[in-house]
Each structure stands twice: as structure tokens, then as C-alpha cells.
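Scroll down for the structure; my scribbles are underneath it.
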């Protein structure tokens, strides 16, 4: 089936199957930052924004995004670069596999929450799995980034 969506501010038509997940359609159309990780909606690697809300694309059927706005990290390069510098300064960037989904979640949090507490930050990040860090450096980086 053909669907039309706006991806990173560009209207595109995609050919998708009725049972195809958004993560697979996006990767097929060249959005390689969107990664498949756990296939259970638990790791956050596949996070994109649908109508500006962080959403797991591995549990979203592609046909359901008809007419919607989708944002991947490719569409937020400046913001992502800014936050990445905070991660680097705190020694919180490791292998980078989880980074696109993690960064998408943090950028959404910055837009949604005003002066979140540490508990609110941790709650917002539930479901973002990083196998390399102990999250302490990431938490420091997020706090400093949110102060800007």
C-alpha cells in the first residue's frame, strides 16, 4: 500500500506492507539511524518522533503513519550535535549503538519537560538501553544539557 508522510520536513510516499513495522520501512528508505535492537519495544534504539512525540518504531505499523510527521535524528542534526558534545565532555559516549534513539528521547524530553528533577529524567529514559555505560555519565550530561 502507498502511504504519504512527512519525514524530516519532506513529504514522501512510501510503499509499505500492511504488517510492516515503521523501523523496517524507514531503514528501507535510507534512514539508517533508526535501528532494530530488541524487537520487543524495550531498548529504545528505534525511537523516532511521530507528530513530535517519541515513539518506538519497532512496535508501530508503517501504515499507521499515513499523513503524520516523522522525525529521525537525521532531521535534528544540530540539536543532536549539541547534546553529543555534552556526552563527550562527561565521558558518557561509548560504542554509539544506542545513541540515535537515546538522543531522540533526550531531545524530546528537553522540549516537553521544564526543569525536570533527576527522578523525572530517569523516568523519561525508562526503556532506553545502553550496554556500555553505567548511566552516571549520561545523567550528568543530560542535567548539564538541560540547564542550557
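Residue numbers (full-length UniProt numbering): 1 to 148.
Beta carbons: idealized from backbone N, C-alpha and C, even for Gly.
Asked                                                                                                                  : Found
Residue 70: first and last residue of the uninterrupted beta strand (DSSP E) it sits in                                : 69-71
Option nearest residue 17 by Cα separation, candidates 8, 26 and 63                                                    : 63
First and last residue of the uninterrupted alpha helix (DSSP H) at residue 111                                        : 99-112
Terminal residues of the beta strand (DSSP E) in which residue 48 lies                                                 : 47-50
CA-to-CA distance, residue 108 to residue 34, given in whole angstroms                                                 : 16 Å
Cα-Cα separation between residue 4 and residue 74, rounded to whole angstroms                                          : 19 Å
Spatial neighbours of residue 148 in its chain, beta-carbon cut-off 7 Å, leaving aside the 5 residues before and after : none
Rounded separation between residue 98 and residue 128 - CA only                                                        : 8 Å
Inter-residue CB distance, residue 51 and residue 66 (contact presumed, cutoff 8 Å)                                    : 12 Å between Cβ atoms; not a contact.
Proximity to residue 126 [Cα-Cα], best of 116, 105 and 88                                                              : 105
Outcome for residue 101 when other beta-carbon atoms lying within 10 angstroms are tallied against a minimum of 16     : buried
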